């Protein structure tokens, strides 16, 4: 990093002495994040099921491509609705709703007699996925103490990867069953986790930040005492939240708090879209660009193409049997899950930026090498490129490993911690929407793209996008490690009004009280 660039990126230092991990906050984060298993499972199970569905339902490659990727577009309904829903009924019940919807979707897909009914199941499951994908990191970030927020907020991605691995294992377990039963069994197994998740979530507390927004100060204090590293930190976090909501010091009566919150444009999300999209302050605009850009590059670099179509890529590289290609896909899931733990334990030690830049750099190198190997394989007779088969497999595993140490988890961690409290749910919903749009575009175009510019050309394209992502992150994303949620807005040049999330008329004669370069 150049000296000038580093001067423009504020560095936040974590406490020298790390507090012991709060076990109650850990349990809350685990339960909330387990909803993300549903997304990972549904994506990866489709990679193995599609081959058998194509034969059983007599569908084309184009129909398979649409079926595989459309769940990401359908999830837009859930992700965009989740922001307002979670502000209205709370973070906890939104997670229960996500589990119930996904349960229904898994049953419909598993029992579907035709392509049209499978598509209906994909729609229902997609709505549930959208809800789960948006709400898990928001809830976890709002519950976690500052000292462990990076660790705990990365859990949703850990469980997405766990779901990916379970989906591949399900493929391997059921692919030998009769044609019309095997792929249906793969989907029906996905209906089991939501039942336990819905019950488990009911044992969790509500988000303290949401409780304050409802005027329930006493309830919020009780939750914060359980999820903070010390009683003093609990009171400090409560004071920060009250300040972010706009509650003056000394106000303790819940009825008075409710009146203040409603007067400052409501506790259920009223006016948020206006302040987020129509009249954002410069700081909020930069935060929104950072969130949307990070989510764009996370998916546009091609990760879902690898997860969804790894058997096809392995077949192209030379692994032609079902057992070999599906078995190698299990290795992809294992690599993706194993290396997510690297990010989980380093996020609060080395920070977000170093992991993001290392991750994107590794993705670029592995994609270029994989594309080059596939290009050579394409131009050699069958059996004369055997060494390159092993190289292709190694680079595919390196790609998913590189993704998992940074881009995978940190996109969600970062997005959930940079928005002001009042804008957080809907801001994260927009980030999730961007993520799902790009995931759908990538996964629904991969087969057609490979036919148009070859497998090698497709991975060269993804490498170019990942390179652009590295540049974006280097110049645009400040470090957030060690900052409270109420303080991160200052990293983007914001002031106290930005931290509250209240739009203002732009006064060109007014100097900002806080500049990015002085942080």
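In our numbering, the protein residues as written are -17 to 501.
Just so you know, even glycine gets a beta-carbon here, dropped at the ideal spot from N, CA and C.
Every value quoted in this text rests on a predicted model; they were computed, and no experiment measured them.
Where residue 425 and residue 190 are concerned, what is the direct C-alpha to C-alpha distance, given to the nearest angstrom?
For the purposes of this step, residue 425 is taken as residue 443 along the chain shown, with counting starting at 1. For the purposes of this step, residue 190 is taken as residue 208 along the chain shown, with counting starting at 1. Cα-Cα distance, rounded: 37 Å.
On a Cα-Cα basis, can you pick out the residue from 184, 325, 354, 316 that is closest to residue 439?
Taking the chain shown and counting its residues from 1, one reaches residue 439 at position 457. Minimum Cα distance to residue 439 is reached at 354.
Cβ-Cβ distance between residue 504 and residue 375 below 7 Å
Residue 504 lies beyond the stretch modelled for the chain, which goes from -17 to 501, so this question has no answer here.
Express the C-alpha separation of residue 417 and residue 405 in angstroms, rounding to a whole number.
Reading the chain shown from its first residue, position 423 is the one you call residue 405. Reading the chain shown from its first residue, position 435 is the one you call residue 417. Their Cα atoms are separated by approximately 18 Å.
What residue range is occupied by the uninterrupted alpha helix (DSSP H) comprising residue 43?
Indexing the chain shown from 1 puts residue 43 at position 61. 43 to 71 is the span of the alpha helix (DSSP H), which, as asked, contains residue 43.
Residue 42 versus residue 28 - alpha carbon distance
Locating residue 42 in the chain shown gives position 60, where the first residue counts as 1. Locating residue 28 in the chain shown gives position 46, where the first residue counts as 1. One C-alpha to the other measures close to 15 Å.
Any idea what DSSP makes of residue 426, helix, strand or coil?
As a working note, residue 426 is residue 444 in the chain shown. Three-state DSSP puts residue 426 in coil, outside helix and strand.
Stretch-stretch touch, CB-based, cutoff 8 Å, three pairs: the stretch 157 to 173 with the stretch 191 to 202
no
My assumption, with CB atoms under 8 Å, is that residue 110 sits in contact with residue 80. Please give the rounded CB distance.
By one-based count along the chain shown, residue 110 stands at place 128. By one-based count along the chain shown, residue 80 stands at place 98. Contact check for residue 110 and residue 80: beta-carbon distance about 5 Å, within the 8 Å limit, so the pair qualifies.
Over the uninterrupted alpha helix (DSSP H) stretch that includes residue 28, give me the two end residues.
Reading the chain shown from its first residue, position 46 is the one you call residue 28. Where residue 28 is concerned, the enclosing alpha helix (DSSP H) stretches over 19 to 39.
Sort 129, 59, 93, 31 by Cα distance to residue 5 and report the nearest one.
The count along the chain shown starts at 1 and reaches residue 5 at position 23. Check the Cα spacing between residue 5 and each of 129, 59, 93, 31: the tightest is with 129.
Should residue 17 be labelled buried (16 or more other beta-carbon atoms within 10 Å of its own) or exposed?
For the purposes of this step, residue 17 is taken as residue 35 along the chain shown, with counting starting at 1. With 16 or more Cβ atoms within 10 Å of its Cβ, residue 17 is classed as buried.
Answer yes if the stretch 443 to 463 comes into contact with the stretch 114 to 129, meaning at least three C-beta pairs across the two stretches below 8 Å, and no otherwise.
no
Mind pulling the alpha helix (DSSP H) runs of 4 or more residues that sit fully within the stretch 176 to 242?
If we require 4 residues or more, the alpha helix (DSSP H) runs fully inside the stretch 176 to 242 come out as 190 to 195, 199 to 209, 213 to 227.
Other residues of its chain near residue 313: CB distance less than 7 Å, five sequence neighbours each side excluded:
As a position in the chain shown, residue 313 is number 331, starting the count at 1. If we look at residue 313 and ignore the five residues flanking it on each side, its Cβ neighbours are 379.
Spatial neighbours of residue 224 in its chain, beta-carbon cut-off 7 Å, leaving aside the 5 residues before and after
On the chain shown, position 242 is the one that residue 224 refers to. Cβ neighbours of residue 224 beyond the five flanking positions: 194.
Inspect the beta-carbon positions of residue 25 and residue 289 and report whether they are closer than 7 Å.
Translated into positions along the chain shown, residue 25 becomes position 43. Translated into positions along the chain shown, residue 289 becomes position 307. Contact: yes.
My output table needs one value for residue 249: the three-state DSSP class, helix, strand or coil.
The sequence position of residue 249 within the chain shown is 267, counting from 1. With a pLDDT of only 48 at residue 249, under 50, the local geometry of the prediction cannot be trusted, and the value read off the model is given with reservation. If DSSP states are grouped into helix, strand and coil, residue 249 belongs with coil.
Classify residue 211 as buried or exposed, calling it buried when 16 or more other Cβ atoms lie within 10 Å of its own Cβ.
Here residue 211 is taken as the residue at index 229 of the chain shown, counted from 1. The residue in question, residue 211, is buried, as its Cβ has 16 or more Cβ neighbours within 10 Å.
Does the pairing of the stretch 435 to 450 with the stretch 344 to 361 give three or more beta-carbon distances under 8 Å?
yes
Among 9, 40, 68, which one has its Cα closest to the Cα of residue 408?
As a working mapping, residue 408 is identified with position 426 in the chain shown. Out of 9, 40, 68, 68 has the C-alpha closest to the C-alpha of residue 408.
Quick check on DSSP: helix, strand or coil for residue 258?
As a first step, residue 258 is located in the chain shown; it is residue number 276 there, counting from the start. Correct three-state label for residue 258: helix.
Identity of the residue in 173, 50, 402 nearest residue 465 by Cα
In the chain shown, residue 465 corresponds to position 483, counting from 1. Nearest Cα to residue 465 within the set 173, 50, 402: 402.
Comparing alpha-carbon positions, which option in 62, 327, 97 lies nearest residue 37?
If you number the chain shown from 1, residue 37 lands on position 55. The residue with the shortest Cα to Cα distance from residue 37 is 97.
Rank 333, 372, 178, 284 by C-alpha distance to the C-alpha of residue 396 and give the top, closest one.
One-based indexing of the chain shown puts residue 396 at position 414. Residue 333 holds the alpha-carbon nearest to the alpha-carbon of residue 396 among 333, 372, 178, 284.
Please report the distance separating the alpha-carbon of residue 168 from that of residue 157.
Here the question's residue 168 lines up with position 186 in the chain shown. Here the question's residue 157 lines up with position 175 in the chain shown. Cα to Cα, residue 168 sits roughly 9 Å from residue 157.
Tell me the rounded alpha-carbon separation between residue 311 and residue 208.
Numbered from 1 along the chain shown, position 329 holds the residue referred to as residue 311. Numbered from 1 along the chain shown, position 226 holds the residue referred to as residue 208. Whole-angstrom Cα-Cα distance: 41 Å.
Pick out whichever of 423, 358, 336 has its Cα sitting closest to the Cα of residue 461.
Translated into the one-based positions of the chain shown, residue 461 becomes position 479. Nearest in C-alpha terms to residue 461, of all of 423, 358, 336, is 336.
With DSSP collapsed to three states, give me the class of residue 126.
Position 144 of the chain shown, counting from 1, holds the residue named residue 126. If DSSP states are grouped into helix, strand and coil, residue 126 belongs with coil.
Could you tell me the alpha carbon to alpha carbon distance between residue 248 and residue 255, rounded to whole angstroms?
Numbered from its first residue, the chain shown carries residue 248 at position 266. Numbered from its first residue, the chain shown carries residue 255 at position 273. Its pLDDT being 48, under 50, residue 248 is placed unreliably by the model, and nothing is read from it.
On the three-state DSSP scale, how would you describe residue 417?
By 1-based counting over the chain shown, the position of residue 417 is 435. Residue 417: helix per DSSP, three-state reduction.
By Cβ distance below 8 Å, which residues in the same chain neighbour residue 22 in space, the five residues on each side in sequence not counted?
Taking the chain shown and counting its residues from 1, one reaches residue 22 at position 40. The residues are 141, 142, 143, 144, 145, 146, 147, 148, 149.
Just to confirm my understanding: we take residue 53, look at its own chain, exclude 5 residues before and 5 after, and list those with CB closer than 7 Å. What are they?
One-based indexing of the chain shown puts residue 53 at position 71. For residue 53, where only same-chain residues beyond five positions count, the Cβ hits under 7 Å are 24, 104, 107, 108, 111.
Within its chain, find whatever has a CB closer than 6 Å to the CB of residue 346; leave out the 5 residues flanking it on each side and keep chain order.
In the chain shown, residue 346 corresponds to position 364, counting from 1. If we look at residue 346 and ignore the five residues flanking it on each side, its Cβ neighbours are 445, 448, 449.
Looking at the secondary structure, which residues open and close the alpha helix (DSSP H) in which residue 293 lies?
One-based indexing of the chain shown puts residue 293 at position 311. Element bounds for residue 293: 285 to 299.
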